[in-house]
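Okay, so the sequence shown: first residue is 0 according to numbering that gives the first Met the number 0, each after it adds one.
Quick reminder that beta carbons are idealized off the backbone N, C-alpha and C, glycines included.
Note sheet for the following structure.
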Amino acid sequence: MNRISKIIFRSLIFCAAVLLFLLSVSRLAIENAQRRHFRSSARYMHFENIVEIKYIWPVQRRNPRIAILMVIEPDTKMEFYEHAMSSIACYSRVWNYDFLIVNSSDFRNECTHKDKFFRRHCVAARILGAYDYILFLDADIGVVNPTRRIEEFLDVKAEVIFYDRFYNWEVMAGAYLVKNTNWSKHFLDGFANYEFRLPKSFHGTDNGALHAYLAEVILGTNDAGLATCLHVYSRSRNFLDLFMYEACIRKLLGNSTYFGKIKILPKGKAWARDNWMTNSLWNPERDFMMHNWKLTQLRTYKNAPLP
0 MNRISKIIFR SLIFCAAVLL FLLSVSRLAI ENAQRRHFRS SARYMHFENI VEIKYIWPVQ
60 RRNPRIAILM VIEPDTKMEF YEHAMSSIAC YSRVWNYDFL IVNSSDFRNE CTHKDKFFRR
120 HCVAARILGA YDYILFLDAD IGVVNPTRRI EEFLDVKAEV IFYDRFYNWE VMAGAYLVKN
180 TNWSKHFLDG FANYEFRLPK SFHGTDNGAL HAYLAEVILG TNDAGLATCL HVYSRSRNFL
240 DLFMYEACIR KLLGNSTYFG KIKILPKGKA WARDNWMTNS LWNPERDFMM HNWKLTQLRT
300 YKNAPLP
């Protein structure tokens with residue numbers, strides 16, 4: 000290699016090194032900006048025994064980077080969820096997941112939704128870019144079996160994973176596993192924005208809206224059967240009507256698990272379920288998390304067998 004070739008080669012190596020450095024700095028700056036809301040306000044500092052608060056970049060050194068996210072409101076009574084939140088905080092420390100409890104009001108400029116249940120999905124979309132995956136959970140979901148891992152549910156074929164609830168045909172809106180992709184962010188924003196298209200009926204907020212939105216994404220807005228289900232939705236007056244509409248949507252979708260980039264886990268195959276179905280008893284071979292762990296719902300049960 001002659002002298003000129005050596006100079007050119009060394010120059011290329013130097014330029015490549017500089018470019019890699021700049022890309023690294025840029026990535027850190029972007030992700031730091033994305034994390035700007037993750038710090039708990041002084042109002043919640045007395046919950047440090049519950050919440051894993053992490054301030055310094057990098058928040059997490061693991062592959063893939065996974066966070067558990069709960070979105071709360073300024074008036075949320077945190078003590079009602081202490082049992083669930085403390086179990087998630089402990090579980091997160093054991094397995095090195097980030098646990099984020101985020102106040103939706105910190106995103107008031109990006110997420111202008113009036114309904115808190117829709118606003119939280121907009122918040123999830125804003126935070127998703129800082130991680131590879133986010134497990135979004137209602138604040139009353141807690142861990143009963145810490146030996147299980149979130150990685151069990153990762154699926155390269157799916158970008159958003161929901162699950163079926165046990166007692167009806169409802170897809171759970173308050174717990175999903177989402178991958179950091181542009182498609183997923185767009186999906187969550189579309190879900191949040193369904194607030195502005197709700198019928199003037201007993202619509203069930205995001206629980207009801209999720210089913211119409213899933214049908215639109217999976218089947219298209221011109222599907223003939225969807226119009227029938229939406230008619231039922233528009234005339235809903237109570238939970239019975241709402242559950243009938245949800246069953247209508249599920250009939251349209253069929254019994255598949257995969258719907259393009261969306262996956263809906265069947266009953267009994269997901270990371271969480273409602274606790275009241277078994278008097279809060281759980282099976283170490285199947286269960287992972289429980290839903291409905293509010294302080295007001297905790298009871299001392301009689302030592303009686305389940306029916």
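Asked                                                                                                           : Found
Which residues DSSP lists as bridging D99, in chain order                                                       : This sequence places Leu at residue 99; Asp is not what is there. Per DSSP, L68.
Nearest residue (CA-CA) to C89, options P198, M289, V142, W292                                                  : V142
Completely contained beta strand (DSSP E) runs for the stretch 154 to 222, where each covers 3 or more residues : 159 to 162, 174 to 178
Stretch pair the stretch 237 to 255 + the stretch 166 to 173: three plus CB contacts closer than 8 Å            : yes
Residue closest to R147, alpha-carbon to alpha-carbon, out of Y232, L294, W292, P283                            : P283
Rounded C-alpha distance that separates W281 from H210                                                          : 28 Å
Three-state secondary structure (DSSP) of N280                                                                  : Sequence inspection shows Leu at residue 280; the Asn mentioned does not correspond to that position. Note: L280 maps to coil in three-state DSSP.
Limits of the unbroken alpha helix (DSSP H) element including F117                                              : 115 to 127
For V93, the first and last residue of its enclosing alpha helix (DSSP H)                                       : 81 to 94
Where L294 falls, given that 16 or more other Cβ within 10 Å makes a residue buried                             : exposed
D139 in three-state terms, based on DSSP                                                                        : coil
Closest by C-alpha distance to Y162, when choosing among P145, S279, W275, I261                                 : I261
Proximal residues to S233 (C-beta, below 7 Å), its chain only, five neighbours per side dropped                 : P198, S200
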